[in-house]
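Asks: Chains R and P, in that order, are what the protein sequence lines are.
According to the numbering used here, the stretch in the first sequence is residues 471 to 875, in order.
According to the numbering used here, the stretch in the second sequence is residues 439 to 677, in order.
Just so it is clear, CB atoms sit at the ideal spot from N, CA and C, and this is done for glycine as well.
Would you mind keeping the following structure in view while I ask a few things?
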Amino acid sequence: MLLAIAWKNIWRNKTRSLVVITAVMLGLWAGAFILAYVFGMINQRLEDAIGNEISHLQLHHEEFYKDYAPKFYLENGEKVLEGLDSNPRVKASTGRVLTYGMVGSAANSTGGKFIGIDPTREDQVTQLSTKLTEGEYLQRSDKNKILIGKKLADKLKVKLRSKIVLTFQDINGDIVAGAFRIKGIFRSYNTALEENNLYALDQDLSRLLNAQHQVHEIAVLLQDEEQVDEYARDLSQQYPTARVESWKEISPELGLMVESLDQYMMIFFVIILLALSFGIVNTMLMAVLERVREIGMLMAIGMNKVRLFGMIAFETIFMVLIATPLGLLLAYLTIYWFGMNGLDLSGLYQEGYAAYGFKSIIYPQLDAMYYYRIMLLVGITALLASIYPAITALRLDPVKAIRKI
Amino acid sequence: MEGHKDRVIRTEGLFKVYDDGAVSLKAVNDVSLSIEKGEFTALVGPSGSGKTTLLNLIGGLDTPTAGKVWVHEKDISGLKKNQLIDFRLYNIGFVFQAYNLVPVLTARENIEFVMLLQKVGKEERNRRVDQLLGEIGLQDKAGKRPAELSGGQQQRVAVARALASKPQFVLADEPTANLDSKTAENLLDMMAKLNMDEGMTFLFSTHDQRVIDRAKRVITLVDGSIVSDVTREKTTIEA
Ligand SMILES: Nc1ncnc2c1ncn2[C@@H]1O[C@H](COP(=O)(O)OP(=O)(O)OP(=O)(O)O)[C@@H](O)[C@H]1O
Ligand SMILES: [Mg+2]
């Protein structure tokens, strides 16, 4: 009966209750959607970073990171790659020759990262060929051809087929230089990468380095991202002299971003709920104050405090209970739709997003877990918001309340 | 004090003083009275004479400044607020001037409500509600909400609700104040009939002379004190 009265009381002032229900519904909808949007954005950034730049795992010589000296190439690079090729867990892998130095044109010069690639394998790992906006991708038969980022090309004031000179140390520490002709210009949503990286054939760089055909870096893309840590361990055991790192270690800021996002998003949601709960409390206080006489009468005829509290509290909770599934359903539907079709904000912030390595079309996504968490938070909010109005009702003195008649 | 097995209400030296610092007002001033089971008593007096205050004290809604109230020889003056709520639920039926009913419940549900609070079984509840609806003559309005009933009908439902909990007595503070005199008389006749049929004790306050005429006993208050207490041998009640 108390529940029935609480339920019926909601509909005494339909407009007011519907305003609260709608507010909670919209709040949850917007909150969940923003959550999904941010998760979609971060996930996309992560997938891009893994699929286009850093891959799931990387292998280097143990001392390579010390000073990035070209003499620290991977032992048995060829063998490692063969082993990876025959492993069903591996989707693609490639070896790279790495060196750092100066790149100069007639107009300008700047620092750069020179990457010697196996064009076919590299493309499988990072889809490099798809990033080209001008010119063509590298081929095995090319000689001293190079791919350069658009930003760097602008800085050096060079165009397709221009000649640029790379200067760096060989494995003996001697300075060497090589002239390369620009075969292609690529773009990347990651500005830093577009400004720094140059891709040449591994054989060309090895020759300049006075090295055998050896690689400094092996990048591995796995079939299943969940297996990263496990497979990293396996590889370390298999190749004890190599340093095996997962994407989280290679790019700790990405890992941190993913992990801290959870907390930030929950804080964000708590703030939304806090705002909503003020609205709920306010409405319920109005409802209680409107019914002072009635509540006084109920206390007079013997409705005890527990029951009175329950009656008012349930009214609050019911309103939230009506709003929550509606809000979350709306959120689910919009997230699903935009998750399929993408949300394009390119008109607004494309440049800004690109500077941080984000794309402008976002595919919002929200794990089921977050819907449960939201429900839990909403439940707690409803309970907390129900307390104050109910306590206000309890404080009424029946004698005074009835005298108002 | 002995030999009063059927005494339902007794007060002894009851005071209620309102003191706002500057003036102290004795709303109830040394009231001692007792009411036997089955009485049908009117509490009368000019406005501000303390009728409501006295009823509230007897009904355990308010606590006296001094003096005691016994209900069935149980001293309720010492009960705590929470204990009083439960005491009222099981021992006292209330009828107020207005706002007696829960607006979202039907007449039937309103009558049933107190029994639900008392945790009376469903069968017994239905039986009692049907019986009371018959006694107040509103069987056909059982499914109506208060807003769909006339003022007189609402007060009838309120009386039925007060009786539903099988209280020791019913306190009614100006139950007819919002009714026209014909309707008021009808309500009083109904109460008188319930008084006869169920042996229910009624104590009601009123201004209305025609209502007063129907009482068996009339207690008059002036400035918080009883100035007369008359029990009539013959009454004008027709059953
Ligand atoms: N809470 C209060 N504080 C101060 N004075 C009060 C309070 N309640 C009642 N009084 C005073 O106590 C006196 C008795 O009031 P009460 O309501 O009991 O009279 P009444 O006989 O019921 O009057 P009426 O016929 O108008 O209903 C009045 O003078 C009233 O102003
Ligand atoms: Mg009064």
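For the region 520-535 of chain P against the region 767-784 of chain R, are there 3 or more C-beta pairs whose distance is under 8 Å?
Replies: yes
Asks: According to the neighbour-count rule (16 or more other Cβ atoms, all chains shown, within 10 Å of its Cβ), is residue 454 of chain P buried or exposed?
Replies: buried
Asks: Which of the three DSSP states, helix, strand or coil, is assigned to residue 652 of chain P?
Replies: coil
Asks: Spell out a yes or no on whether the region 829-849 of chain R and the region 748-767 of chain R are touching, meaning 3 or more CB-CB pairs, one atom from each, closer than 8 Å.
Replies: no
Asks: Would you decide whether residue 872 of chain R is buried or exposed? Buried here means 16 or more other CB atoms lie within 10 Å of its CB.
Replies: buried
Asks: Can you list, in chain order, the residues of the region 475-488 of chain R whose Cβ is nearer than 7 Å to any Cβ on chain P?
Replies: 475, 478, 479 and 482
Asks: Please identify, using Cβ separations under 7 Å, the residues of the region 515-542 of chain R that lie next to chain P, in order along the chain.
Replies: Cβ contacts with chain P: none found.
Asks: Ligand 1 and residue 490 of chain P: does any heavy atom of the ligand fall closer than 7 Å to the residue's C-beta?
Replies: yes
Asks: Quick check: is the beta carbon of residue 863 of chain R nearer than 8 Å to any beta carbon in chain P?
Replies: no
Asks: Can you confirm whether residue 537 of chain P, when its beta carbon is compared against all beta carbons of chain R, has any partner nearer than 8 Å?
Replies: yes
Asks: Go through its chain and collect everything with a Cβ distance to residue 733 of chain R's Cβ below 7 Å, but skip five positions before and after it.
Replies: none
Asks: Answer with yes or no whether the minimum CB distance from residue 770 of chain R to chain P is below 8 Å.
Replies: yes
Asks: Using 10 angstroms around the beta-carbon of residue 489 of chain R, count the other beta-carbons present and answer buried if the total reaches 16, otherwise exposed.
Replies: exposed
Asks: At a cut-off of 7 Å, is residue 622 of chain P close to ligand 1 when judged by its beta-carbon and the heavy atoms of the ligand?
Replies: no
Asks: Taking only beta-carbon positions, decide if residue 760 of chain R is within less than 8 Å of chain P.
Replies: no
Asks: Let me check one thing: in DSSP terms, what residues is residue 660 of chain P bridge-paired to?
Replies: Residue pairing for residue 660 of chain P: DSSP places it in a beta bridge opposite P/663.
Asks: Whose C-beta lies closer than 6 Å to the C-beta of residue 666 of chain P among residues of the same chain, with five residues either side of it excluded?
Replies: Around residue 666 of chain P: 658.
Asks: Run through chain R and tell me which residues come within less than 7 Å of residue 494 of chain P, C-beta to C-beta.
Replies: 869
Asks: Measure how close the beta-carbons of residue 550 of chain R and residue 709 of chain R come, nearest whole angstrom, since I'm counting them as under 8 Å.
Replies: 6 Å
Asks: Return yes when the C-beta of residue 611 of chain P is under 7 Å from any heavy atom of ligand 2, and no when it is not.
Replies: yes
Asks: On the CB-based measure, 16 or more other CB atoms within 10 Å of its CB, does residue 557 of chain P come out buried or exposed?
Replies: exposed
Asks: At what residues does the beta strand (DSSP E) containing residue 504 of chain P begin and finish?
Replies: Where residue 504 of chain P is concerned, the enclosing beta strand (DSSP E) stretches over 504-509.
Asks: Would you kindly check if the distance between the Cβ of residue 628 of chain R and the Cβ of residue 649 of chain R is under 8 Å?
Replies: no
Asks: Indicate, with yes or no, if ligand 2 has a heavy atom lying under 7 Å from the CB of residue 643 of chain P.
Replies: yes
Asks: Mind checking whether the beta-carbon of residue 485 of chain P lies closer than 7 Å to any heavy atom of ligand 1?
Replies: yes
Asks: Below 7 Å CB to CB, which residues in the same chain sit around residue 644 of chain P once its five sequence neighbours on both sides are set aside?
Replies: Only 480, 482, 612, 614 and 650 meet the Cβ criterion.
Asks: From which residue to which residue does the alpha helix (DSSP H) around residue 849 of chain R run?
Replies: 838-865
Asks: Could you tell me if residue 573 of chain R is buried or exposed, where buried requires 16 or more neighbouring beta carbons within 10 angstroms of its beta carbon?
Replies: buried
Asks: For a test of your reading of the model: does the CB of residue 456 of chain P fall under 7 Å from any non-hydrogen atom of ligand 1? Yes or no.
Replies: For ligand 1, at least one heavy atom lies less than 7 Å from the Cβ of residue 456 of chain P.
Asks: Say whether chain C places a C-beta atom closer than 8 Å to the C-beta of residue 763 of chain R.
Replies: No chain C is part of this structure, whose protein chains are labelled R and P.
Asks: Let's test the definition: count the other Cβ atoms within 10 Å of the Cβ of residue 669 of chain P and tell me whether it reaches 16, buried, or not, exposed.
Replies: exposed
Asks: Does DSSP classify residue 538 of chain P as helix, strand or coil?
Replies: Judged by DSSP in its simplified three-state form, residue 538 of chain P adopts coil rather than helix or strand.
Asks: When the Cα atoms are used, what is the spatial distance from residue 783 of chain R to residue 849 of chain R?
Replies: 12 Å
Asks: Closest by CA to residue 870 of chain R, which one among R/769, R/676, R/563 and R/537?
Replies: R/769
Asks: Quick one: what's residue 602 of chain P bridged to in DSSP?
Replies: Bridge partners of residue 602 of chain P: none, in fact.
Asks: Quick check on DSSP: helix, strand or coil for residue 444 of chain P?
Replies: coil
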